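**Student:** Handing you a structure now.
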Amino acid sequence: MMRIRGFEERCVRLYSAEKIRGFLHLYIGEEAVAAGLFHEIGPEDSVVSTYREHGHALARGIPTAALMAEMYGRTNGCSGGRGGSMHLFDAQRRFYGGNAIVGGGLPLAVGLALADALRRSSAVTVCLFGDGAVAEGEFHECLNLAALWHLPILFACENNRYAMGTALAREHAATDLALRAASYGLAAWPVDGMDAEAVASATRRAVQSIRGGGGPCLLEMRTYRFRAHSLYDADRYRDKAEIERWRARDPIPILTRALLDSGACTETDCHDWRTAIETELDEAVTSAENGPLEPVADLTRHLYAETS
Ligand SMILES: Cc1ncc(C[n+]2csc(CCOP(=O)(O)OP(=O)(O)O)c2C)c(N)n1
Ligand SMILES: [Mg+2]
670 MMRIRGFEER CVRLYSAEKI RGFLHLYIGE EAVAAGLFHE IGPEDSVVST YREHGHALAR
730 GIPTAALMAE MYGRTNGCSG GRGGSMHLFD AQRRFYGGNA IVGGGLPLAV GLALADALRR
790 SSAVTVCLFG DGAVAEGEFH ECLNLAALWH LPILFACENN RYAMGTALAR EHAATDLALR
850 AASYGLAAWP VDGMDAEAVA SATRRAVQSI RGGGGPCLLE MRTYRFRAHS LYDADRYRDK
910 AEIERWRARD PIPILTRALL DSGACTETDC HDWRTAIETE LDEAVTSAEN GPLEPVADLT
970 RHLYAETS
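The opening position of the sequence shown corresponds to residue 670 in my numbering, with each subsequent residue numbered one higher.
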C-alpha cells in the first residue's frame, strides 16, 4: 500500500511538472483493495483491470520502473510506451490491461475464464471494475453468462461511491450492488474495502470456492477515492466533510498502527520501507527519463500484420 501511495504521489508531482501527460486517475484511498486481493491470487491467475489501475499493476508485481517508464511513454515501459496510465499491460504476469472503456474489461474477463475452463485449468480470472460499470449492459450480460457457464471468475467491484461526478444513488435505483449481482445466481457479498485484511480474507474464501468448482463470485469492495476522479476534475460534487470522514479511515495508517501494536513490525521497519520506496521511485524516474522514445519509423507497428 505504501508503494502504491508513493508511486501515485510521485506521479502527481511529475504531472504538475509536465513530465508526464494525458489522463491520470488516482487510486489514493483505495489501496487496501489491491493489497488484500492480489495477496490471494497466484501467477497462473489472470487479471483484467480498469483505467484506475496503477495500484493493481504494482500489486500484481509489475516493476515500478516499467510502470514509470510507461507513464513517460518510453519504450522501456510495460506497454512499450504506447499505453500510458490507462493501458498498463503485462502478458507475462497475466495482467491483461487497464481499459479506458467503463465495463469494457468484463467481456474480456469472461473470455479468459471460458478459455481456462475449456482447458480444464485451475486458474481464476479476476475482473476489476467500478460501481459505474454496474450501470452498463455488459455487466449484466457478463454476470449472466459467467453464472450460466459456471466460469472460474472473480468479479471485484470497487465501489468508491462515485462514477466521475455522479454519486451512487443518483445513478442506481438499487444501491446494494452485491445484492443485485446475487440475483444472477452467483455468490456475492460486500467487503470493507478500507481494510486490507478483510479484503484478503474475503478474496481467499472466494478464490477457494471458485477453484473448487463453485462457479463465479462477486465481491463488492466498499471503498472511497480521496482524490478527484482525475487530475482534470475540480471535485465540486461532494462534501468536504464526507471526504474527511473517509480520510479518517485511511487504510495505511490504520494497518500500520495495527502492525505496530501487535509487534509485527517496528517504527524502524516503517521508516526503512519508506526510504526504500523513495529510492525505488528515484531510480524508476531516472530510468524513465533515460528511456528511449519510439522512433517515428515504427509509427505503424502493431497496427497491421507484419510480413517480414
Ligand atoms: C463506456 C463508457 N462510458 C462512459 C465513459 C466516461 N467515463 C470515464 S470514467 C467514468 C466513471 C466510471 O466510474 P466507476 O466505474 O465507478 O469507476 P471509478 O472512476 O469510480 O473508479 C465514465 C462515465 C467511458 N470511459 N466509457
Ligand atoms: Mg466509482
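Beta carbons are placed, not taken as given, at the ideal position from N, Cα and C, and that holds for glycine.
It should be emphasised that the depicted structure is a prediction, and the values quoted were computed from it without experimental measurement.
1. Just tell me which of Ala875, Tyr893 and Leu823 has its CA closest to the CA of alanine 701.
2. Just the residues with CB closer than 6 angstroms to a heavy atom of ligand 2, in chain order, which are they?
3. Measuring alpha carbon to alpha carbon, tell me which residue in Asp864, Glu947 and Gly884 is nearest arginine 926.
4. Starting from the Cα of valine 629, find the closest Cα among Ala836, Cys934, Thr744 and Ile770 and give me that residue.
5. Over what stretch of residues does the beta strand (DSSP E) that includes glutamate 952 continue unbroken?
6. Can you check DSSP and say which residues form a bridge with aspartate 861?
7. Please find out if some non-hydrogen atom of ligand 1 comes closer than 7 angstroms to the beta-carbon of glycine 772.
8. Express the C-alpha separation of proline 732 and alanine 784 in angstroms, rounding to a whole number.
9. In terms of residue numbering, what span does the beta strand (DSSP E) encompassing isoleucine 768 cover?
10. So, at 8 angstroms on beta carbons, what are the nonlocal neighbours of phenylalanine 758 in its own chain, with the 5 sequence-adjacent residues on each side left out?
11. Could you pull out every residue in the same chain whose Cβ sits closer than 6 angstroms to the Cβ of alanine 802, ignoring the five residues on either side in sequence?
12. What residues in its chain sit with their C-beta under 8 angstroms from that of arginine 672, if we drop five residues either side in the sequence?
13. Helix, strand or coil, according to DSSP, for asparagine 829 in the structure here?
14. For the alpha helix (DSSP H) holding threonine 733, just list the boundary residues, first then last.
15. Hey, would you say methionine 755 sits closer than 8 angstroms to phenylalanine 692, going by beta carbons?
16. Can you find a heavy atom of ligand 3 that lies under 7 angstroms from the Cβ of arginine 914?
**Tutor:** With the given structure in hand:
1. Stepping through the sequence shown from its first residue, residue 701 is reached at position 32. Nearest C-alpha to alanine 701: Tyr893.
2. Gly799, Asp800, Gly801, Asn829, Tyr831 and Ala832
3. Start at 1 with the first residue of the sequence shown, and residue 926 comes out as number 257. Out of Asp864, Glu947 and Gly884, Asp864 has the C-alpha closest to the C-alpha of arginine 926.
4. The chain is shown from 670 up to 977; residue 629 falls before or after that span and cannot be answered.
5. Start at 1 with the first residue of the sequence shown, and residue 952 comes out as number 283. It is not in any beta strand (DSSP E) - glutamate 952 instead sits in the alpha helix (DSSP H) that spans 936-958.
6. Here residue 861 refers to the residue found at position 192 of the sequence shown. Bridge partners of aspartate 861: Arg891.
7. Position 103 of the sequence shown, counted from the first residue, corresponds to residue 772. Under cutoff, so the answer is yes.
8. Taking the sequence shown and counting its residues from 1, the one referred to as residue 784 is at position 115. Taking the sequence shown and counting its residues from 1, the one referred to as residue 732 is at position 63. Alanine 784 and proline 732: Cα-Cα distance of roughly 27 angstroms.
9. The count along the sequence shown starts at 1 and reaches residue 768 at position 99. With the sequence shown as reference, residue 768 is identified as asparagine, and isoleucine is not the correct amino acid for it. Per DSSP, asparagine 768 belongs to no beta strand (DSSP E) and is neither H nor E.
10. On the sequence shown, position 89 is the one that residue 758 refers to. Excluding sequence neighbours, phenylalanine 758 sits near Cys747, Ser748, Gly752, Phe764, Tyr765, Gly766 and Gly767.
11. As a working note, residue 802 is residue 133 in the sequence shown. Closer than 6 angstroms at the Cβ level, and outside the excluded window around alanine 802, lie Val771, Gly772 and Phe808.
12. To locate residue 672, count along the sequence shown from 1; it is residue 3. Excluding positions up to five away in sequence, the list reads Leu727, Thr733, Ile946 and Glu949.
13. By 1-based counting over the sequence shown, the position of residue 829 is 160. Correct three-state label for asparagine 829: coil.
14. By one-based count along the sequence shown, residue 733 stands at place 64. Per DSSP, threonine 733 belongs to the alpha helix (DSSP H) from 733-740.
15. Locating residue 755 in the sequence shown gives position 86, where the first residue counts as 1. Locating residue 692 in the sequence shown gives position 23, where the first residue counts as 1. With respect to phenylalanine 692, methionine 755 sits close: the two C-beta atoms are nearer than 8 angstroms.
16. You won't find ligand 3 in this model; what it holds is ligand 1 and ligand 2.
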